[in-house]
Amino acid sequence: MSSADNLRSTMESTLLALLETQAISPSNRDASRIVALLTPECEWFIKPDSFIAKYPFIKSPRTVADEEAHLAREIAVLEESRVKILDSVVDAATRKASARVELWTKYARSEPSTMEICWYLDFTDDGKVSRVVEFIDTAVSSNVLEDMAKAGYKMKEEAEAAEK
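Going by the working numbering, 296 is the number at position 151 of the sequence shown; the sequence numbering is gapless.
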């Protein structure tokens with residue numbers, strides 16, 4: 146197997162592992178598992194910009210520590226989530242990968258919801274993720290923010306408190 150094939154295989158495994166970090170169950174609630182997939186300098190962007198403009202308390206870009214902390218707080222109020230991969234592409238020559246998924250979530254005190262997310266990843270030469278761009282289904286995400294707040298994750302209030 147050539148080094149290009151090895152890199153492609155590593156990138157594909159990393160992409161799938163990153164998507165699996167979004168699947169939460171009662172026995173799988175570790176937010177730190179995402180850190181091993183990312184370079185220390187990795188930036189995580191939430192898109193589209195219009196969604197961030199509407200909800201400016203959502204930090205974008207996020208550092209690795211920001212994303213791990215966000216995921217830990219979200220997991221705390223999340224009963225369960227599942228990921229269904231609809232499409233994925235890995236290009237070792239450009240060190241890029243993308244995936245389109247359905248994310249099913251169930252937060253405490255809320256009805257389940259399903260949204261589509263598109264992920265665009267940049268990789269280093271050794272197959273670690275150096276940049277994440279996450280395009281979210283904004284209509285459903287607005288409802289998910291309300292569900293998270295009902296369940297106890299007050300993202301807006303926490304962001305405002307952190308600014309003081």
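The beta carbon of each residue, even a glycine, is placed where N, CA and C say it ideally should be. Treat the numbers as computed from the prediction; the structure is a model and nothing was measured.
For Gly272, count neighbouring Cβ atoms within 10 angstroms of its own Cβ and tell me buried if that reaches 16, exposed if not. buried
Limits of the alpha helix (DSSP H) - the one that Val222 falls within: Val209 to Val222
For the putative contact between Arg240 and Asp267, defined by C-beta atoms under 8 Å, what is the C-beta separation to the nearest angstrom? 6 Å
Per DSSP, Asn151 is paired with what? In the DSSP output, where bridge partners are listed per residue, Asn151 has none listed.
Ser275 versus Glu165 - alpha carbon distance: 18 Å
Among Gly297, Leu248, Asn288 and Ala296, which has the Cα closest to the Cα of Tyr200? Asn288
Among residues of its own chain, excluding the 5 on either side of Gln167, which ones have a beta-carbon nearer than 7 Å to its beta-carbon? Ser226, Val228 and Leu248
Buried or exposed by the 16-neighbour rule on C-beta atoms within 10 Å, applied to Asp292: buried
Exposed or buried, what is Arg207 when buried is set at 16 or more other beta-carbons lying within 10 Å of its beta-carbon? buried
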